[in-house]
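Number of protein chains: 2
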Amino acid sequence: MQASIKDILRTNLERKIQLTAGEFDLFYTKFTPLSYRKKEHLLHTGEICDAYFFITEGLVKSYYHDEKGKEHITAFAIENWWVTDLEGFFTKRPSKLNIQALEETRVLAIQYKELHQVFEDIPSLNVFFRIQMQNMVMALQRRHHFYMKLDGKERYDFLVKTLPDFVQRVPQYMLASYLELTPEYLSELRKKTK
Amino acid sequence: MQASIKDILRTNLERKIQLTAGEFDLFYTKFTPLSYRKKEHLLHTGEICDAYFFITEGLVKSYYHDEKGKEHITAFAIENWWVTDLEGFFTKRPSKLNIQALEETRVLAIQYKELHQVFEDIPSLNVFFRIQMQNMVMALQRRHHFYMKLDGKERYDFLVKTLPDFVQRVPQYMLASYLELTPEYLSELRKKTK
DNA sequence: GCCACTTCTTAAGATACCTTAAGGAATAAA
DNA sequence: TTTATTCCTTAAGGTATCTTAAGAAGTGGC
Chain A
1 MQASIKDILR TNLERKIQLT AGEFDLFYTK FTPLSYRKKE HLLHTGEICD
51 AYFFITEGLV KSYYHDEKGK EHITAFAIEN WWVTDLEGFF TKRPSKLNIQ
101 ALEETRVLAI QYKELHQVFE DIPSLNVFFR IQMQNMVMAL QRRHHFYMKL
151 DGKERYDFLV KTLPDFVQRV PQYMLASYLE LTPEYLSELR KKTK
Chain B
1001 MQASIKDILR TNLERKIQLT AGEFDLFYTK FTPLSYRKKE HLLHTGEICD
1051 AYFFITEGLV KSYYHDEKGK EHITAFAIEN WWVTDLEGFF TKRPSKLNIQ
1101 ALEETRVLAI QYKELHQVFE DIPSLNVFFR IQMQNMVMAL QRRHHFYMKL
1151 DGKERYDFLV KTLPDFVQRV PQYMLASYLE LTPEYLSELR KKTK
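So, in structure tokens, the structure goes:
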């Protein structure tokens, strides 16, 4: 039997905290299930980001355009990951990021107000998000080392080694953007690898 | 009248949460005040990082050495900042970072076990640390843009503009390390500025 | 007041990565 | 099947930044 969307969320929460059935049911009512087709946007630059997304199926990217119009991909996210424009979501200022579906994608979305309501109703959700934020901080610190210590070739090799499935689901020019390389240069690097 | 160390901590907490006098007193008992002389280490690579530090006076840097022995400064922290090796602190694995005092420095230190005890005794501390982690995530994301979007000269100019006091308290070759530039190249860039 | 150490500068040659421009291959649309 | 789009590669010339090596200037210890 296939896991329901509700189960997927429950499992994700249970990795870090224990909730009673009642608490979980209450929390779950705050979410809205949404679907996006390939290339559809979950969030556009300039909008106020009011939703925190939990991906139940699919693949999205977060990105922005710099002054010269060049696209910079800051993150990918897949099933079982949480994603939003954190800065926009918590500050209520217009978002600097876009979030776009790269595949048919399904999410559960919770709004800012609802989330902060449940923070009060279910205190242990503070623990969940505290731990999640801690883990994000650690991931971002590791990413910093990753970009600063490794050159382009090493970054690519590392990605292929640690996330091979990812490398297959995402076109190369997007990986290049994520790795902060030009597609042309990444192509060069790949040639050397073989 | 000068603010006591206890007041400095209280003020820091009150920026984000409300505590009763009793709660704050309880929390405060968990901390140990420590002093470090210039160049002394709060944490060495390889040690298990068991303390979360709140700086009440002074200036520290976090750094590591890469395989080639080159030093990379990942952060500075001054009065009123919290600092630790987050990854080491939360995973209990040997720390990859060093933390060293650059000036005569005073801190309040709280141990892992004590902190997690007060998380249970005083639930709103989860809120405090959740918000602190959120802010760190945002700061790290901004830092990522900062390194990726700006070239060396722009990074230096930005630092001088936004944190001029900092630039004066820290020797240039350390700024270079933080900016991920060689001291020689930073010296070049400074010449062009004038 | 001298010595040692720390910090900053200069300059030449090397390298990683980018820009531009073009064409080829693969996939989707018609 | 043809056409359009999306994606990947090749190559030439340019720029930012590093490496190495050396010396100058400032600072604290004795």
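Chains as they are written, first to last, in this note's numbering: chain A, 1 to 194; chain B, 1001 to 1194.
From the three backbone atoms N, C-alpha and C, an ideal C-beta is built for every residue, glycine too.
Do A/S95 and A/C49 have their C-beta atoms within less than 9 Å of each other? Position 95 of the first sequence, counting from 1, holds the residue named residue 95 of chain A. Position 49 of the first sequence, counting from 1, holds the residue named residue 49 of chain A. Their beta carbons are under 9 Å apart, which means A/S95 touches A/C49 by this criterion.
Can you check whether the CB of A/K149 is closer than 9 Å to the CB of B/H1072? Residue 1072 of chain B sits at position 72 when you count from the first residue of the second sequence. Residue 149 of chain A sits at position 149 when you count from the first residue of the first sequence. Going by C-beta atoms, B/H1072 is nearer than 9 Å to A/K149.
I'd like the list of long-range same chain contacts for B/V1127, defined as Cβ closer than 6 Å, with 5 residues on each side in sequence excluded. Taking the first residue of the second sequence as 1, we reach residue 1127 of chain B at position 127. Counting only residues of its own chain and dropping the five nearest sequence neighbours on each side, B/V1127 has a CB closer than 6 Å to the CB of I1017.
Output yes if chain A places a C-beta closer than 9 Å to the C-beta of B/M1174; else output no. The count along the second sequence starts at 1 and reaches residue 1174 of chain B at position 174. Not flagged as an interface residue toward chain A: B/M1174, since no C-beta distance is shorter than 9 Å.
Along chain A, which residues have their Cβ under 8 Å away from the Cβ of B/N1126? Mapped onto the second sequence, residue 1126 of chain B falls at position 126. Listed along chain A, the residues sitting closer than 8 Å to B/N1126 by beta-carbon distance are P123, N126, V127, R130.
Rounding to the nearest angstrom, what Cα-Cα distance links B/D1025 and B/L1009 in this structure? Along the second sequence, read from residue 1 onward, the residue named residue 1025 of chain B stands at position 25. Along the second sequence, read from residue 1 onward, the residue named residue 1009 of chain B stands at position 9. Cα to Cα, B/D1025 sits roughly 11 Å from B/L1009.
Could you check if B/A1003 is buried or exposed, using at least 16 other CB atoms within 10 Å of its CB as the buried criterion? To locate residue 1003 of chain B, count along the second sequence from 1; it is residue 3. Residue environment analysis places B/A1003 among the exposed positions, since fewer than 16 neighbouring C-beta atoms fall within 10 angstroms of its C-beta.
Cβ-based contacts, 8 Å cut-off: residues of the segment 148–161 of chain A near chain B: Residues passing the 8 Å Cβ filter: M148, K149.
Tell me the rounded alpha-carbon separation between B/D1085 and A/A139. For the purposes of this step, residue 1085 of chain B is taken as the residue at position 85 of the second sequence. For the purposes of this step, residue 139 of chain A is taken as the residue at position 139 of the first sequence. Approximately 13 Å, taken between the alpha carbons.
Coil, strand or helix - A/S95 by DSSP: In the first sequence, counting from the first residue as 1, residue 95 of chain A sits at position 95. Taken through DSSP and simplified to helix, strand or coil, A/S95 comes out as coil.
Which residues DSSP lists as bridging A/R106, in chain order: In the first sequence, counting from the first residue as 1, residue 106 of chain A sits at position 106. In DSSP, A/R106 forms a bridge with A/S35, A/E57.
Listing by chain order, which chain B residues have their CB less than 7 Å from the CB of A/D66? Here residue 66 of chain A refers to the residue found at position 66 of the first sequence. Ordered by position in chain B, the residues that pass the 7 Å Cβ test against A/D66 are K1149.
Would you check if the distance between the CB atom of B/G1058 and the CB atom of B/A1101 is smaller than 9 Å? Looking up residue 1058 of chain B in the second sequence gives position 58. Looking up residue 1101 of chain B in the second sequence gives position 101. For B/G1058 and B/A1101, yes; Cβs fall inside 9 Å.
Would A/T29 and A/A109 be called neighbours here (beta carbons separated by less than 9 Å)? Mapped onto the first sequence, residue 29 of chain A falls at position 29. Mapped onto the first sequence, residue 109 of chain A falls at position 109. Against a cut-off of 9 Å, the Cβ pair of A/A109 and A/T29 comes out as no contact.
Against chain A, with Cβ distances strictly below 9 Å, would B/L1043 count as a contact? In the second sequence, residue 1043 of chain B corresponds to position 43, counting from 1. B/L1043 does not count as touching chain A.
Between which residues of its own chain and A/I122 is the CB-CB distance below 8 Å, once the five residues before and five after are set aside? If you number the first sequence from 1, residue 122 of chain A lands on position 122. Apart from sequence neighbours up to five positions away, the residues of its chain that approach A/I122 with a beta-carbon distance below 8 Å are L19, E23, L26, F27, ordered along the chain.
Would you mind sorting B/Y1185 into buried or exposed? The rule is 16 or more other CB atoms within 10 Å of its CB. Residue numbering aside, residue 1185 of chain B sits at position 185 when the second sequence is read from its first letter. Only exposed fits B/Y1185, as fewer than 16 other CB atoms lie within 10 angstroms of its CB.
So B/N1098 packs on B/Y1063, CB below 8 Å; how close in whole Å? Reading the second sequence from its first residue, position 98 is the one you call residue 1098 of chain B. Reading the second sequence from its first residue, position 63 is the one you call residue 1063 of chain B. Confirmed, about 6 Å.
Within the 9 Å Cβ cut-off, does A/R142 reach chain B? For this step, residue 142 of chain A is matched to residue 142 along the first sequence. So yes, A/R142 belongs to the interface.
Residue of A/L163, A/A75, A/E103 minimising C-alpha distance to A/T56: Here the question's residue 56 of chain A lines up with position 56 in the first sequence. Residue A/E103 is the option with its Cα nearest to A/T56.
Under 9 Å, Cβ to Cβ, is there at least one residue of chain A near B/Q1111? Translated into the one-based positions of the second sequence, residue 1111 of chain B becomes position 111. So no, B/Q1111 is outside the interface.
Can the beta-carbon of B/R1130 be found less than 9 Å from the beta-carbon of A/M133? Mapped onto the second sequence, residue 1130 of chain B falls at position 130. Mapped onto the first sequence, residue 133 of chain A falls at position 133. Cβ atoms of B/R1130 and A/M133: closer than 9 Å.
With 16 other CB atoms within 10 Å as the buried threshold, where does B/E1154 fall? Within the second sequence, residue 1154 of chain B is the residue found at index 154, counting from 1. B/E1154 counts as exposed, since fewer than 16 other beta carbons sit within 10 angstroms of its beta carbon.
Tell me whether the beta-carbon of A/L34 lies closer than 9 Å to the beta-carbon of A/V83. Within the first sequence, the letter at position 34 stands for residue 34 of chain A. Within the first sequence, the letter at position 83 stands for residue 83 of chain A. Contact: no.
If the cut-off is 7 Å on Cβ atoms, which residues from the segment 77–88 of chain A count as contacting chain B, listed in chain order? Here the close residues are L86, E87.
DSSP on B/H1044, reduced to helix/strand/coil? Position 44 of the second sequence holds residue 1044 of chain B. Three-state DSSP puts B/H1044 in coil, outside helix and strand.
Quick check: the Cα distance between B/K1192 and B/L1181, rounded to an integer number of angstroms? Residue mapping note: residue 1192 of chain B aligns to position 192 of the second sequence, counting from 1. Residue mapping note: residue 1181 of chain B aligns to position 181 of the second sequence, counting from 1. CA-to-CA, the gap between B/K1192 and B/L1181 works out to about 16 Å.
Given that a residue counts as buried once 16 or more other Cβ atoms are within 10 Å of its Cβ, and exposed if not, what is A/T105? Working through the first sequence from its first residue, we reach residue 105 of chain A at position 105. By the neighbour-count rule (16 or more Cβ atoms within 10 Å), A/T105 is buried.
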